[in-house]
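**Student:** Could you have a look at this structure, given as structure tokens, before my questions?
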């Protein structure tokens with residue numbers, strides 16, 4: 001979806017950085033960061049940022065650390081987004097930086113983590129590990145709440161509304177962007193202080209939505225059915241849309257710097 005919103009310069013740069021196996025499609029590597037987390041053990045902490053239970057807010061200085069006994073700072077999804085944005089951007093400010101970074105991996109990590117931070121339970125409560133320890137039923141299927149928001153709401157939507165075809169679902173979300181969400185969409189990409197990316201804002205939105213929608217009426221042992229599904233699906237689709245539009249805007253900003261510097 002995000003490829004639709006890339007500028008020509010960004011599209012060229014992204015295709016140059018993608019591995020051959022992606023065949024020029026960023027969506028083809030969207031699951032790469034999940035697939036390699038057990039090989040790159042250090043990356044596991046970068047997929048989420050847990051917050052204190054029931055406070056329903058996010059603060060970088062308090063919440064961006066890993067879960068080891070050392071509580072190493074900056075090791076969370078928002079810290080990772082800052083880091084990989086910096087890596088990609090710095091290459092166009094200092095050509096020597098390119099030697100120090102794997103830019104293909106930086107692009108794939110950044111793209112995945114911007115998606116993760118928009119899933120509300122990737123900025124959930126510490127006590128339940130972002131809903132991972134809340135065991136319940138999704139209709140007749142046993143699951144944890146985090147998996148419901150990662151996968152099962154989308155799976156149910158595909159079966160119920162989209163003929164089990166992800167492409168049809170993406171087209172529907174794109175229509176919503178240009179119709180129902182158009183007036184709000186123009187504000188999604190913008191960060192304060194002329195920043196390229198603002199993951200703290202995205203994380204604050206996510207924990208707020210987690211409290212209002214994800215955790216509400218979803219206690220351990222409960223069964224989530226149509227009421228939960230139909231009321232939460234619009235939130236899931238909105239966050240998918242915001243993540244795609246914002247990722248495109250970030251990549252447009254990053255790769256615009258190359259053209260600007262070349263002209264300087």
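In UniProt numbering, the protein residues as written are 1 to 264. Glycine included, every Cβ here is placed at the ideal spot set by N, Cα and C. Just so you know, these numbers come straight off a predicted model, no measurement behind them.
So does the region 120-135 actually touch the region 43-61, counting three or more Cβ pairs closer than 8 Å?
**Tutor:** Yes, the region 120-135 touches the region 43-61.
**Student:** Which term fits residue 85, buried or exposed, when burial requires 16 or more other beta carbons within 10 angstroms of its beta carbon?
**Tutor:** Residue numbering aside, residue 85 sits at position 85 when the chain shown is read from its first letter. So residue 85 ends up on the buried side.
**Student:** What's the call for residue 38, buried or exposed, on a 16-neighbour Cβ count within 10 Å?
**Tutor:** As a first step, residue 38 must be located in the chain shown, where it is residue number 38. Exposed, since its Cβ has fewer than 16 Cβ neighbours within 10 Å.
**Student:** Does residue 247 come out as helix, strand or coil in the three-state DSSP assignment?
**Tutor:** Counting from 1 along the chain shown, the entry for residue 247 is found at position 247. Helix at residue 247.
**Student:** Identify every run of the alpha helix (DSSP H) within the region 150-204, keeping only runs that are complete inside it and at least 4 residues long; order them along the chain.
**Tutor:** Here the runs fully enclosed are 153-161, 166-178, 182-185.
**Student:** Any contact between the region 104-118 and the region 187-196? By contact I mean 3 or more CB pairs, one from each, below 8 Å.
**Tutor:** These segments do not touch.
**Student:** Can you find the residues in the same chain that come closer than 8 Å, C-beta to C-beta, to residue 165, ignoring five residues on each side of it along the sequence?
**Tutor:** Counted from its first residue, the chain shown places residue 165 at position 165. Excluding sequence neighbours, residue 165 sits near 158.
**Student:** State the start and end residues of the unbroken alpha helix (DSSP H) segment that holds residue 287.
**Tutor:** The requested residue 287 is not part of the displayed model; the chain covers only 1 to 264.
**Student:** On the CB-based measure, 16 or more other CB atoms within 10 Å of its CB, does residue 245 come out buried or exposed?
**Tutor:** Here residue 245 refers to the residue found at position 245 of the chain shown. By the neighbour-count rule (16 or more Cβ atoms within 10 Å), residue 245 is buried.
**Student:** Please confirm whether residue 113 and residue 153 have their CB atoms less than 7 Å apart.
**Tutor:** The sequence position of residue 113 within the chain shown is 113, counting from 1. The sequence position of residue 153 within the chain shown is 153, counting from 1. Going by C-beta atoms, residue 113 is not nearer than 7 Å to residue 153.
**Student:** Which residues share a DSSP beta bridge with residue 65?
**Tutor:** Residue 65 sits at position 65 when you count from the first residue of the chain shown. Per DSSP, 73.
**Student:** Report the three-state DSSP secondary structure of residue 4 (helix, strand or coil).
**Tutor:** In the chain shown, counting from the first residue as 1, residue 4 sits at position 4. It is helical.
**Student:** According to DSSP, which residues form a beta bridge with residue 125?
**Tutor:** Here residue 125 is taken as the residue at index 125 of the chain shown, counted from 1. Residue 125 pairs with 51.
**Student:** In terms of residue numbering, what span does the alpha helix (DSSP H) encompassing residue 33 cover?
**Tutor:** Within the chain shown, residue 33 is the residue found at index 33, counting from 1. Residues 32-35.
**Student:** State the DSSP-derived secondary structure class of residue 26, mapped to helix, strand or coil.
**Tutor:** In the chain shown, residue 26 corresponds to position 26, counting from 1. Residue 26: helix per DSSP, three-state reduction.
**Student:** Determine contact between the region 213-224 and the region 133-149, defined as no fewer than three beta-carbon pairs at a distance below 8 Å.
**Tutor:** A contact exists between the region 213-224 and the region 133-149.
**Student:** Assuming residue 198 contacts residue 111 under a Cβ cut-off of 8 Å, what Cβ separation, rounded to an integer in Å, is found between them?
**Tutor:** The residue given as residue 198 occupies position 198 in the chain shown. The residue given as residue 111 occupies position 111 in the chain shown. At roughly 16 Å, the Cβ-Cβ gap does not stay under 8 Å, so residue 198 and residue 111 are not in contact.
**Student:** Between the beta-carbon of residue 239 and the beta-carbon of residue 122, is there less than 7 Å?
**Tutor:** Position 239 of the chain shown, counting from 1, holds the residue named residue 239. Position 122 of the chain shown, counting from 1, holds the residue named residue 122. Contact flag unset, no.
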